[in-house]
Structures are given as structure tokens and as C-alpha cells.
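Below is one structure, written out as C-alpha cells, with a few remarks after it.
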Amino acid sequence: MKKLYSEVLSNVFKILLTILVSLSAINLLSTVVYSVNETAYFDYAYELDSFVSLFGTVLFYIVLVVYLVWIYRIHMDLQSLFPFYSRSPGMALACNMIPIFNIYGIPSVFLRIGRQFDGTPSTSRQGQFIIGMVAPLILLYLLDNSVSRYLARLDTEPSATLLIVSGVLTTALYTCYLTLCVQISRALARSAQQAASSSPDLDAASGIAPERSAVPQHAYRLK
Numbered sequence: 000m001k002k003l004y005s006e007v008l009s010n011v012f013k014i015l016l017t018i019l020v021s022l023s024a025i026n027l028l029s030t031v032v033y034s035v036n037e038t039a040y041f042d043y044a045y046e047l048d049s050f051v052s053l054f055g056t057v058l059f060y061i062v063l064v065v066y067l068v069w070i071y072r073i074h075m076d077l078q079s080l081f082p083f084y085s086r087s088p089g090m091a092l093a094c095n096m097i098p099i100f101n102i103y104g105i106p107s108v109f110l111r112i113g114r115q116f117d118g119t120p121s122t123s124r125q126g127q128f129i130i131g132m133v134a135p136l137i138l139l140y141l142l143d144n145s146v147s148r149y150l151a152r153l154d155t156e157p158s159a160t161l162l163i164v165s166g167v168l169t170t171a172l173y174t175c176y177l178t179l180c181v182q183i184s185r186a187l188a189r190s191a192q193q194a195a196s197s198s199p200d201l202d203a204a205s206g207i208a209p210e211r212s213a214v215p216q217h218a219y220r221l222k
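Numbering follows numbering that gives the first Met the number 0, with no gaps: position 19 of the sequence shown is 18.
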């Protein structure tokens with residue numbers, strides 16, 4: 000089976016997103032404790048919450064960079080497996096990076112990926128799942144950005160309720176991206192496996208014998 004360009008990065012991205020979701024959930028839990036009992040928060044949760052907030056901020060920017068490289072490589076794989084796939088890796092990056100345009104661009108990227116997989120029986124389930132995630136993704140993206148901007152402009156201490164809402168939106172958004180990463184990487188792996196298994200059948204049907212290497216097979220295993 001041909002090695003995918005995004006295979007290693009997908010695994011790294013999933014790990015980083017899992018950590019980011021966990022940190023966001025801890026931060027949300029700390030906010031709930033703060034809203035219920037401020038004394039308990041400062042006695043037991045403040046130091047942990049401060050560390051999680053700092054580490055989570057650094058990790059967020061790392062994840063952002065990894066995401067952009069990942070989405071680029073995902074589209075390299077898509078064009079490799081499906082030669083007529085219409086969106087280039089560069090255009091996929093532009094859809095994610097250009098402000099305002101990305102409100103359309105981000106959902107369109109995942110919608111097109113989902114439709115591609117939905118058209119293949121072996122990946123139809125993943126394709127439909129990805130398509131179904133597009134609406135929640137853009138809704139959470141817009142709400143999370145709006146609440147974050149509002150919090151940044153506040154001159155007074157934000158209410159605990161507003162902080163909880165912000166935490167819920169952020170955690171849900173990260174979870175959405177994690178779910179998309181899992182489904183897309185799974186669908187790509189199945190597509191690559193199907194392409195590899197159908198290749199010998201095509202050679203046999205055309206009467207072309209598979210090309211054999213002059214190097215003994217055990218030589219590859221020693222490398």
C-alpha cells in the first residue's frame with residue numbers, strides 16, 4: 000500500500016488535539032468550580048488552571064501550524080488517490096487562512112472532502128459523517144470567535160456564566176476538529192488500501208504482469 004503523505008502527521012495531529020481537548024475541558028471544569036465556590040477555586044484549582052491556560056495557549060498555536068500543514072498534506076493525498084479531485088493543496092490553505100473568506104472556505108474544504116469519500120462505497124460512512132460535521136463546525140467556529148472577541152473587549156470582569164459558555168464552545172470546537180481528523184485519516188487509509196488492492200487486478204485484466212524486482216525480497220526486510 001502506498002504510504003500517505005499525511006499518515007504520520009495525522010497521528011501527531013490527533014495526539015495534539017486530544018491533549019488540547021483535555022486541557023480545554025480542565026479549564027472549563029475550573030471555571031465551573033469558580034462559579035460555584037470562589038474560595039474553593041483559589042484554594043484548590045487556581046494554580047492548575049493558570050498552568051493549563053498558559054500551556055493550552057502555547058499548544059493552541061502549535062496545533063494551528065500543524066493543522067495547516069496537515070490540511071495541505073491531506074489534499075496531496077486526495078489528489079494522489081483521486082486524480083480528478085478539484086481542490087489543490089494551495090487552495091485548501093487559502094480557504095483556511097484568508098480572513099472573512101475562510102467563513103466560506105473552511106466548511107467548503109470539509110464538505111468537498113466528505114462528498115469525495117461519500118461517493119466511494121468503502122468510505123461512504125466516513126464521508127457522510129464528515130458532511131454531517133460541517134454545519135456544527137462552522138457554527139461553533141463563528142460562536143467561539145464572537146464570544147472570544149467580546150471577552151477581549153470587556154473592560155470589566157466577565158461573568159462566570161459567560162466564561163462557562165466560552166469554555167463549552169471552545170471544547171466543542173476542538174472536539175469537532177479532532178473528530179474530523181479521525182474520520183478523514185480513516186477514510187484516506189481505506190482509500191489507499193483499496194487503491195493498492197485494485198492495482199494487481201487491473202494489471203491482470205490488461206494482461207500485464209506485475210513488475211518484479213531483481214533484488215531478493217529479504218533484502219528489503221534488512222533495510
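For each residue, glycine too, the CB sits at the ideal point set by N, CA and C.
Note to self: Give me, in chain order, the residues of the same chain whose beta-carbon lies closer than 7 Å to that of W69; leave out the 5 immediate sequence neighbours on both sides.
What the structure shows: S5, L8, S9, F12
Next item on the list: Specify the secondary structure class of N118 as computed by DSSP and reduced to three states.
Entry: Correcting the residue type first, residue 118 is Gly in the shown sequence and not Asn. If DSSP states are grouped into helix, strand and coil, G118 belongs with coil.
Notebook entry, point to check: Which residues in the same chain have their Cβ closer than 7 Å to the Cβ of V20, if we skip the five residues on either side of it in sequence?
Noted result: T170, Y173, T174, L177
Margin query: Let me check understanding here. Comparing Cα to Cα, which of C94, L28, F83, D48 lies closest to Y66?
Written below: C94
Check: Which residues bound the alpha helix (DSSP H) around T56?
Finding: 45-80
Item checked: Same chain, Cβ closer than 8 Å to T17, five either side skipped, listed in chain order -> L177
Check: For I130, which residues of its own chain have a beta-carbon under 7 Å away from its beta-carbon, when the five flanking residues on both sides are left out?
Finding: L110, G113, R114, D117
Check: How many whole angstroms separate the CB atoms of I97 and G89, which I take to be in contact at a CB cut-off of 8 Å?
Finding: Incorrect: roughly 12 Å between the Cβ atoms, too far for contact.
Notebook entry, point to check: Looking only at C-alpha atoms, which of M132, L15, I163, A186 sits nearest to I61?
Noted result: L15
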